[in-house]
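Going by full-length UniProt numbering, 495 is the number at position 495 of the sequence shown; the sequence numbering is gapless.
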Amino acid sequence: MDVPIHILSPTSCLSSLSNPAAAKSQNFRPIRAAKTSAKPTKTSSIKAASWKGNLREALASLGVLTSQGNPISTCLDEHYSLAIELCAAQRELSCGKQIHAHFLKSKWVHDAVFLNTKLVCMYGKCGSAEDAGKVFDRMPERTIFTWNAIVGAYVNNGEPLRALKVYEEMRALGVPPDAHTFPCALKACVEIGDLSCGSEIHGLALKLGFTSNIFVVNSLVDIGSFKSLHRIADSWFESKYIYSCGYFTGLQGAIHWDIWHRGRKPDCVSLMSVLSASGRLGDLLHGKETHAFALKRGLDGELQIGNTLVDMYAKCGQIDYMDRAFRRILHKDNISWTTVISAYAQSCYYPLQALQLFREVQLEGIDIDALMIGSVLLACGELRLNLVAEQVHGYSIRRGLYDLVTQKTLIRVYGDCGNIEYSRRIFVMIGVKDVVSLTSMMRSFVHNGLANDALALVLYMKEVGMELDYVAVLSMISAATSLSVLRRGREVHGYLIRKGYPLKGSIASSLLDMYACCGTLEDSFKIFSAVNERDLVLWTSMINSYGMHGRGVEAIGLFLKMEEENIVPDHITFLVLLHACSHSALVEEGKMVFETMERKYNLEPWPEHYACLVDLLGRANHLQEAFQVLRTMKPEPTAAVWCALLHACHVHSNKELGVIAAKKLLELEPENPGNYVLVSNLYASGNRWDDAEEVRTTMKGQGMKKEPACSWTEIGNEVHTFVAQDKSHPRRDEIYQKLSFVTKKLEREGGYVAQTKHVFQNVEEREKVRLLNGHSERLAIACALLVTDSKTQIRIMKNLRVCGDCHNFIKLASKVLDREIIVRDAKRFHHFRNGACSCGDFW
């Protein structure tokens, strides 16, 4: 007969965790057995259920035992222990909470420390580190196993900082660590990228004699401590340890290599171990040497060796070598295909190959699993192929591969494809939201310009006590960067400082970008200077920051300093450097940068580099030279290249060349509404109103809409947002009165005259002047002037390019009103001081 089990609601379970007395006061029904005349249950019955993995039967046995009047406490302890272990193994959090609530009421428990430790492990394995922490904090007595359990729970659930905090507390209390403490602590160091902390922990492990432990050595490999590993190899060899592949596999490569040079002959297992370690550590040199050894032995075509080679080259970013290794595998299996598809999907240059290989997999009848589906979906997101993503989504449902991991991947992929509605739907459908699902949704919000929604999720995570992982932190910084609101950015930075995140890697470069986008270049440079070990990404971010603020000379100087420190630039570095030259009118310097890229570093320019070069030449009115670059470039000119030329033709009124660029642009990218607007403005500036109207009609006929101009300014704790001719602000009358007063003052004292040529509508002159006066950036400036004192710096952000008339208006305002005004538009930053702009009227 089935045994009824009362499942507690999550709310009840959580309240019982935070207040043990509540478990007794609430009306929890007991785990009860059906009426039966059977003999009392023995421990063997729950052991049998555990061996079979039958959680229902195990709970039934526990219910029968607890229904007895006076069960043997040690027997009940073992029953509880087995049931908790089974919940952990099957990740059954709700059943684990039910057992916990019942355990809190029990009078017959003998060893509460033992069972509480089991509960900490269970909650950790079920992904509820918060519950594990509550159990741990409530324990009056703890063993080393308890400490190891909580450290492991935190580090395995994306909370490495809390794990290290507990580890430090354990050391402060004088609790001696054991061989299981160090791997968890070292893994936490890996998660936050803190090699110095990892070295300190390794030093303690060495002092206490745990460096010969296989789990500790594996953790050292994770943090990339080759010196430590070689010292261990020497000590093992000198101690005449017997070489055993099974034992030495745990060393993952570094020690293997040391032993090979001592005359030992490696086999397949050894080769796989070294290749795996090379991939994890990004050690291409040892990986290639091992590959050469495998070639000599004729082992590279073996399935397992071949798969490991593919994985190693993929992790080292060597896509060409990876493809060659893949093609040499004689009999490929699911792992072979999944590994290579995943590598192509995660490479920003080859996502299309991932889809092509997936088609081959289908044709050859290879088994497809959820992991392969996830990689294919990532490729769809990289290529912005929403329709293909929907097809793969449907395929996963039909094939029974639509698991939780796939759902989380789809949230991200639909966000990348601009389909935020589908991202929302899948997110809502997920029952229990964890850090991964929340981070995926945050990322989608940021990608689709919904930064406020992303920060709202951050607030939710804080309210429910969920720690942000590394990816969530980066998404939070991206949201603050997207808003370009300095107060929000500083709040994010303060949060990182309070949580103890080290200023290094992606966090440092993201914070640097954030401050640059908020208009405080000085804070960006402070971040750059505070980082001791600067990687290429950080140098590139600082060069880009100088460029967007019109500091091209400083950007070039920083690039030269980077070269002096033997940092090798990549395509992105040269791209931002060309942008910097373009925004500062450094024509000759920009051409030299382009030449250096090809001649000195053997980097073949991307179409984006050519677009920058065309933009640089076009802004300087070297239009024929720009057109010549476009005609002779090696790759076929993309829409971005033609767009750069068209914009230059519009600025310098070269209608003949502009028409050629306009036609090519609409041929290459007919679905982009911004292109139609640019072409329409070109015709309008030449008084070709019929042609301009035809372009606008075509645009409307295809259901496309022009992106509305929007400006915003941060004043105190509020962000004030405006569109053109905005009437929605509660102080709109005062704002328009202030704007009218300022305009008349500029006309009277600064000689301002509206440049109506920047209005691309066939209307009367008076109407053109009215339209210019209602531009969103002017309303934002008037609002700031209305509520700030006379010495306060004004910061304005705009989603589109500032028009020529507004640019002239703000220059005069900075002089006549004696105010510093900083404006960030879609192209760059403009720093207006005393009637001049940092762009030199070159934007």
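Cβ atoms here follow ideal geometry from the backbone N, Cα and C, with glycine treated the same way.
Taking all protein chains shown into account, Asn157 has 16 or more neighbouring C-beta atoms within 10 Å of its C-beta and is therefore buried. When the beta-carbon positions are compared, Ala188 and Leu164 come within less than 8 Å of each other. With distances taken between CA atoms, Lys296 lies nearest to Cys268 out of Leu285, Ser276, Asp283 and Cys268. Inter-residue distance for Arg327 and Tyr321 is about 10 Å (C-alpha atoms, whole angstroms). Here the C-alpha atom of Leu746 lies approximately 9 Å from the C-alpha atom of Lys815. Put simply, of Ile192, Ile144, Leu657 and Thr117 the residue whose alpha carbon is nearest the alpha carbon of Ala179 is Ile144. For Ile796, the pairing in a beta bridge is given by DSSP as Val823. In this structure the segment 787 to 807 touches the segment 706 to 716; the number of beta carbon pairs closer than 8 Å is three or more.
Between Leu668 and Ala639, the C-beta spacing is below 8 Å. Pairwise C-beta distances place the segment 726 to 738 in contact with the segment 771 to 787, as three or more of them are shorter than 8 Å. For Thr308, same chain residues with a beta-carbon under 7 Å away, outside a window of 5 residues either side, are Met272, Leu275 and Ser276 in chain order. For Ile497, the number of other beta carbons within 10 angstroms of its own is below 16, and it is reported as exposed. Between Gly519 and Arg795, the C-beta spacing is below 8 Å.
When the alpha-carbon of Thr756 is set against those of Glu767, Glu749, Gly750 and Arg748, the nearest one is in Glu767. Closest in alpha carbon position to Arg280, among His291, Glu302 and Tyr313, is Tyr313. The C-beta separation of Gly618 from Leu645 comes to about 6 Å, placing the pair in contact by the 8 Å criterion. One thing to note: Leu630 has its Cβ within 8 Å of the Cβ of Val614. Cβ-Cβ separation between Asn602 and Leu623: approximately 30 Å, too far for a contact (criterion under 8 Å).
Taking the Cα positions, Ser482 is about 7 Å away from Val446. The beta carbon of Arg833 is closer than 7 Å to those of Ser814 and Glu820 in its chain, skipping five residues each way along the sequence. A straight-line Cα-Cα distance of about 26 Å links Ala530 and His202. Per the C-alpha coordinates, the member of Arg688, Gln318, Ala480 and Met466 positioned closest to Ala451 is Ala480. Taken in chain order, the unbroken stretches of alpha helix (DSSP H) that lie wholly in the segment 499 to 546 and span 4 residues or more are 505 to 517 and 521 to 530.
Put simply, the backbone Cα of Gly198 is about 8 Å away from that of Ala185.
Assignment of His579 by DSSP, reduced to helix, strand and coil, places it in the helix class.
For Leu377 against Val392, the beta-carbon gap comes to about 6 Å, under 8 Å, which counts as contact. Put simply, the backbone Cα of Asn334 is about 37 Å away from that of Met461.
With the rule of 3 Cβ pairs closer than 8 Å, the segment 115 to 135 counts as touching the segment 148 to 155. A direct Cα-to-Cα measurement between Lys664 and Val679 gives close to 11 Å. Comparing C-alpha distances from Met797 to each of Glu564, Leu779 and Ser790 shows the shortest one belongs to Leu779.
Straight-line measurement puts the Cα of Ala292 at about 46 Å from the Cα of Trp642.
Scanning Glu595, Leu538, Asp453 and Met592 for the CA closest to the CA of Ile567 turns up Leu538. The shortest CA-to-CA distance from Pro607 to any of Met633, His583, Met592 and Val587 is the one to Met633. If you ignore the 5 residues before and after Ser478, its C-beta comes within less than 6 Å of the C-beta of Val446, all in its own chain and listed in chain order. Contact between the segment 116 to 126 and the segment 426 to 443 is absent: fewer than three C-beta pairs spanning the two stretches fall below 8 Å.
Residue state for Ile305 is assigned as helix, using DSSP reduced to three classes.
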